[in-house]
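When you read off a place in the sequence shown, starting at 1, and then add 51, the result is the number in the numbering used here.
All residues carry an ideal CB built from backbone N, CA and C; glycine is no exception.
Single-structure report; data block below.
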Amino acid sequence: MHPERPHRDFLNIADFSTDETFALLALAERMRTGAYTARPLAGKALAMIFMKSSTRTRMSFEVGANQLGGTAHFLSPRDVQLGRGEPIPDTARVLSRYVHGIMIRTFAHQDAQDLATYAHIPVINGLTDLSHPCQVLADVLTMQQHLGDVRGKSVAWIGDGNNMANSWIEAAAHLGFSLRLACPEGYDPDDHFLAAARARGADVRLLRDPREAVDGVDVVTTDVWASMGQEEEQARRALAFALYQVDAELMARAARHAIFLHCLPAHRGEEVTAEVIDGPQSVVWDEAENRLHIQKAIMAALMGNEPLHTMG
Ligand code: CP
Ligand code: NVA
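Below, the structure is given as structure tokens:
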């Protein structure tokens, strides 16, 4: 790859403008329905660095790159020199000579940022401790699929103010829906994401009571109580989050047409009951499928020069 070639990264939702994000969602929708058949990644390769486990992210990027005519290459810390301390800048420069894009899942968000700084090709955030933008765009695509235009809709986030919560805050501000987060004290989302959303005039409220958060909303969503890397906090967190389970009673407070989302993997009996996640309002399998479509759109735009036709 030419070292000086201009490129864009996708580390957080606002890396695409609002118009571009809607165009990205429209492109993903064409991919979902089968209307898009181009192969903009023909002859191109994606490197996928996974410092944490994954089922959906790995499979959807790998299959997606293949469907677009390209290849995807899984790099685990056990096998690559990064896991033995090779510096991120060196890894970034070397990978830039072989492939056309890098997806990274890691702990510190700064590591993904450093990779993007030193790579000469697009870097895509496949989850950091700070954010999970690909997942939340897939969630927004799922909202659109089931509820229509997301603008003006309302979403309730129940539980941990984690990477998913941060990306939901960004999406609400960026795409024009309201968000109520119910998090126990001590588990609030990132201050900067909240401040940035409020500075944009977004309707984002941080609450303590899950019942208040879900009252009449269009979407109820939650996530595990202990994220990857927090396993040793599991017992303490189970106590802190005991009143933050999404059960049928809580779900009944949302709008009748409300959908339930969960990025998965889920812990039935902890953050959500089996009755809810396996019930009629749950669209979590569509949500998981939509990872494939939105990431294909992201790769086509960043690595395949697919234009994002913005709405007028
Ligand atoms: N939701 C999600 O990112 O799943 P994986 O951890 O399986 O990739
Ligand atoms: N918050 C979770 C999301 C997993 C997809 C984690 O970081 O482990």
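Three-way DSSP call (helix, strand, coil) for residue i in this model
| i | result |
| --- | --- |
| Trp276 | coil |
| Asn176 | strand |
| Gly363 | With a pLDDT of 44 at Gly363, under the threshold of 50, the predicted position of this residue should be treated as unreliable, though the coordinate-derived value follows. Here Gly363 sits in coil by DSSP. |
| Ser68 | coil |
| His318 | coil |
| Ser229 | strand |
| Thr122 | strand |
| Leu62 | coil |
| Leu257 | strand |
| His313 | strand |
| Val131 | coil |
| Met102 | coil |
| Gly237 | coil |
| Val201 | coil |
| Ser111 | helix |
| Leu181 | coil |
| Arg287 | helix |
| Ala96 | strand |
| Ala207 | strand |
| Arg249 | helix |
| Arg156 | strand |
Alpha-carbon to alpha-carbon, residue j and residue i
| i | j | result |
| --- | --- | --- |
| Glu321 | Pro240 | 20 angstroms |
| Gln164 | Met102 | 15 angstroms |
| Asn213 | Met354 | 29 angstroms |
| His243 | Arg231 | 17 angstroms |
| Gly363 | Leu258 | With a pLDDT of 44 at Gly363, under the threshold of 50, the modelled position of that residue is not reliable, and the figure given next carries that caveat. Rounded to the nearest angstrom, the two C-alpha atoms are 36 angstroms apart. |
| Leu294 | Cys234 | 10 angstroms |
| Ser182 | Leu126 | 21 angstroms |
| Arg156 | Leu290 | 28 angstroms |
| His360 | Glu283 | 46 angstroms |
| Met279 | Gln161 | 17 angstroms |
| Asp274 | Ser205 | 18 angstroms |
| Thr84 | Met215 | 26 angstroms |
| Gly94 | Asp211 | 41 angstroms |
| Gly121 | Asn356 | 13 angstroms |
| Ser105 | Gln332 | 25 angstroms |
| Asp200 | His151 | 33 angstroms |
| Thr88 | Glu236 | 48 angstroms |
| Thr72 | Asp260 | 31 angstroms |
Supposed close pair residue i, residue j - CB separation, criterion 8 angstroms
| i | j | result |
| --- | --- | --- |
| Ala422 | Val191 | With the chain running from 52 to 363 in the structure shown, residue 422 is simply not present. |
| Ala116 | Leu92 | 6 angstroms |
| Ala79 | His225 | Going by Cβ atoms, the distance from Ala79 to His225 rounds to 16 angstroms, so no, they are not a contact pair. |
| Val265 | Ala207 | 4 angstroms |
| Gly134 | Pro128 | 3 angstroms |
| Leu315 | Arg107 | 7 angstroms |
| Phe67 | Leu75 | 6 angstroms |
6 angstroms Cβ shell around residue i - same chain, five flanking residues per side excluded
| i | result |
| --- | --- |
| Gly227 | Arg202 |
| Asp254 | Ser229 |
| Arg148 | none |
| Arg288 | Trp276 and Ala277 |
| Gln285 | Ala277 |
| Ile100 | Leu126 and Ile155 |
| Thr69 | His225 |
| Arg251 | Ala224 |
Beta-carbon gap between residue i and residue j smaller than 8 angstroms
| i | j | result |
| --- | --- | --- |
| Ala348 | Met154 | no |
| Ser111 | Arg342 | yes |
| Leu97 | His58 | no |
| Ile220 | Leu245 | yes |
| Leu178 | Ile345 | no |
| Met63 | Pro184 | Per the sequence shown, the amino acid found at residue 63 is Asn instead of Met. Closer than 8 angstroms, so yes. |
| Asn307 | Arg262 | Sequence check: residue 307 is Arg here, not Asn. No; because the gap between Cβ atoms is not below 8 angstroms, this pair is not in contact. |
| Ala317 | Leu119 | no |
| Ala159 | Asp180 | yes |
| Met302 | Val268 | no |
7 angstroms Cβ shell around residue i - same chain, five flanking residues per side excluded
| i | result |
| --- | --- |
| Val114 | Leu343 |
| Leu312 | Asp190, Thr193, Val270, Thr272, Val334, Val335 and Glu338 |
| His197 | Ile310 and Val334 |
| Ala170 | Ala143, Leu146, Ser147 and Ile153 |
| Arg90 | Leu119 and Gly120 |
| Tyr238 | Asp211, Gly212 and Ala291 |
| Arg249 | Val255 |
| Asn217 | Leu181, Ser182, Pro240, Asp241 and Phe244 |
Residues of its chain near residue i, where Cβ-Cβ distance is below 8 angstroms and the 5 sequence neighbours each way are ignored
| i | result |
| --- | --- |
| Arg324 | The sequence as given places Thr at residue 324; Arg does not occur at that position. Cβ within range, chain order: Gln296, Val297, Asp298 and Ala299. |
| Phe61 | Phe67, Pro173, Val174, Ile175, Asn176, Pro184, Cys185, Ile349 and Leu353 |
| Gln281 | Arg288 |
Any non-hydrogen atom of ligand 3 closer than 7 angstroms to residue i Cβ
| i | result |
| --- | --- |
| Ser229 | Looking for ligand 3 in the displayed structure turns up nothing; the ligands present are ligand 1 and ligand 2. |
Closer than 8 angstroms to chain C by CB, residue i
| i | result |
| --- | --- |
| Ser68 | Given the protein chain composition of this structure (a single chain), no chain C is represented. |
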